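**Q**
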Amino acid sequence: MQNKEEIVRILPISIRKLFDENEIQYEYLQEIRFRVGQPVLLQYKNQEFPLKEKKEGKGISTYFFSKEEMKETMEYISNFSMYAFENEMRQGFLTIQGGHRIGIAGKVFVEQGRVKRITNIGMLNIRIAHEVIGCSKNIIEYLWEKDNFCHTLIISPPGGGKTTLLRDIIREIAGDRSRLTVGVVDERSEIAASYMGIPQNQLGSRCDVMDGCPKAEGLLMLLRSMAPDVIALDEIGGEEDLAALQQGRNCGCKILATIHGNSLEEIKKKPQMREFMDNQGFERYVILGNRLQTGTIREILDHAGKKVVQV
103 MQNKEEIVRI
113 LPISIRKLFD
123 ENEIQYEYLQ
133 EIRFRVGQPV
143 LLQYKNQEFP
153 LKEKKEGKGI
163 STYFFSKEEM
173 KETMEYISNF
183 SMYAFENEMR
193 QGFLTIQGGH
203 RIGIAGKVFV
213 EQGRVKRITN
223 IGMLNIRIAH
233 EVIGCSKNII
243 EYLWEKDNFC
253 HTLIISPPGG
263 GKTTLLRDII
273 REIAGDRSRL
283 TVGVVDERSE
293 IAASYMGIPQ
303 NQLGSRCDVM
313 DGCPKAEGLL
323 MLLRSMAPDV
333 IALDEIGGEE
343 DLAALQQGRN
353 CGCKILATIH
363 GNSLEEIKKK
373 PQMREFMDNQ
383 GFERYVILGN
393 RLQTGTIREI
403 LDHAGKKVVQ
413 V
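Residue numbers (our numbering): 103 to 413.
(1) Does the separation of the CB atoms of SER291 and LEU267 fall below 8 Å?
(2) Taking three-plus beta-carbon pairs below 8 Å as touching, is the stretch 324 to 334 in contact with the stretch 366 to 382?
(3) Would LEU305 and ARG273 be called neighbours here (beta carbons separated by less than 8 Å)?
(4) Alpha carbon to alpha carbon, how far is GLY194 from LEU143? Give it in angstroms, no decimals.
(5) With DSSP as the reference, identify every bridge partner of ALA334, one or two as the case may be.
(6) What did DSSP end up calling MET103 once you bin it into helix, strand or coil?
(7) Going by beta-carbon coordinates alone, are GLN132 and ILE235 separated by less than 8 Å?
(8) Return helix, strand or coil for GLN348, following the three-state DSSP convention.
(9) Which residue marks the beginning of the alpha helix (DSSP H) containing GLN374, and which one marks its end?
(10) Quick check: what's the CA-CA separation for GLY407 versus LEU366?
(11) Look at VAL284 and LYS317 and say whether their C-beta atoms are less than 8 Å apart.
(12) With DSSP run on the structure shown, which of helix, strand or coil describes LEU113?
(13) Any heavy atom of the ligand ATP closer than 7 Å to the beta-carbon of VAL138?
(14) CA-CA distance, MET103 and HIS232?
(15) Do the stretch 146 to 157 and the stretch 115 to 133 touch if we need at least three Cβ pairs shorter than 8 Å?
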């Protein structure tokens, strides 16, 4: 795995040794969950497993994470300067080199209604960045009408692969073939996985990213400053999101977005979404499912809900 070293360097020494003993293959590793006093849990090959250790004379047992290991992990994550990462940590996660995202939970201090800082960190969720280059190749042609990219909404249950697919579509249309300028509002740093302002994921040579910015605000900033042909967002749904999307449409910008859901009918039950969709807010709906495996594409529908293709 190309970015194995990026993961290994933030793990405490004890966990590194256990990974070697358990012969963990990093290309199949999706999440690592650390909770002080609790078992270390791995999301591995789409299944959850507790990390095991061999104790001399006691056989194999589940490994429990310690407070000292949490301190060691946070020192590695922050390069021994927690203060330097205080602003990032206020949003509940950090993005490290390689685009890996680390969720943080602990004692939250609030000042004037806003999160001031998070201390006494007791839980971490390390989400391993995986790009699936080319996962959109079988559907990309159906997202065009003549020479125009369609307003597209990807509908997916949680864990269905919507962000992975979104990222690959961006890469395709922002590349040399389509020559579209794509503006990405990456509110949670999951699409581009930017580190020090530079996307760690491949998004094409004509892509501009607003990293860590609220969706509605970032969309309007991109419209004013970067003149995108397409704006891409992950997990839309709020009133502000839809109002900003409408403004983007009014400016002649194409929309590429995702939303949590199992079907088009389910999404239309949300009043705000139904109104936007009834006004032909989207021209293509890509429906995902995860019954077989993450990223399974069930069907592609047009603006009226008619099948463009059954995948």
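Just so it is clear, CB atoms sit at the ideal spot from N, CA and C, and this is done for glycine as well.
For clarity, every value in this text was computed on a predicted model and none was experimentally measured.
**A** Short version:
(1) Reading the sequence shown from its first residue, position 189 is the one you call residue 291. Reading the sequence shown from its first residue, position 165 is the one you call residue 267. Taking 8 Å as the cut-off, the Cβ atoms of SER291 and LEU267 do not count as close.
(2) Too few Cβ pairs lie closer than 8 Å, so no.
(3) By 1-based counting over the sequence shown, the position of residue 305 is 203. By 1-based counting over the sequence shown, the position of residue 273 is 171. Less than 8 Å separates the beta-carbon of LEU305 from that of ARG273.
(4) If you number the sequence shown from 1, residue 143 lands on position 41. If you number the sequence shown from 1, residue 194 lands on position 92. Rounded to the nearest angstrom, the two C-alpha atoms are 20 Å apart.
(5) Position 232 of the sequence shown, counting from 1, holds the residue named residue 334. Paired residues: VAL286, LEU358.
(6) The residue given as residue 103 occupies position 1 in the sequence shown. At MET103 the pLDDT is 49, less than 50, meaning the model places this residue with poor confidence and gives no usable figure here.
(7) Within the sequence shown, residue 132 is the residue found at index 30, counting from 1. Within the sequence shown, residue 235 is the residue found at index 133, counting from 1. In terms of Cβ geometry, GLN132 and ILE235 do not form a close pair [threshold 8 Å].
(8) Position 246 of the sequence shown holds residue 348. Of the three classes helix, strand and coil, the one that applies to GLN348 here is helix, per DSSP.
(9) Position 272 of the sequence shown, counting from 1, holds the residue named residue 374. Looking at the DSSP string, the run of the alpha helix (DSSP H) that includes GLN374 is 373 to 380.
(10) As a working note, residue 407 is residue 305 in the sequence shown. As a working note, residue 366 is residue 264 in the sequence shown. When only Cα atoms are considered, GLY407 and LEU366 end up about 8 Å apart.
(11) As a working mapping, residue 284 is identified with position 182 in the sequence shown. As a working mapping, residue 317 is identified with position 215 in the sequence shown. By the CB criterion at 8 Å, VAL284 and LYS317 fall outside the cutoff.
(12) In the sequence shown, counting from the first residue as 1, residue 113 sits at position 11. If DSSP states are grouped into helix, strand and coil, LEU113 belongs with coil.
(13) Annotation note on the ligand ATP: not contained in the displayed structure, which lists no ligands.
(14) As a first step, residue 103 is located in the sequence shown; it is residue number 1 there, counting from the start. As a first step, residue 232 is located in the sequence shown; it is residue number 130 there, counting from the start. Caution is warranted here: a pLDDT of 49 is assigned to MET103, below 50, making its placement in the model unreliable, and the coordinate value is therefore given only provisionally. Each residue's Cα considered, the two are about 10 Å apart.
(15) Three or more Cβ pairs drawn from the stretch 146 to 157 and the stretch 115 to 133 lie within less than 8 Å of each other, which places the two stretches in contact.
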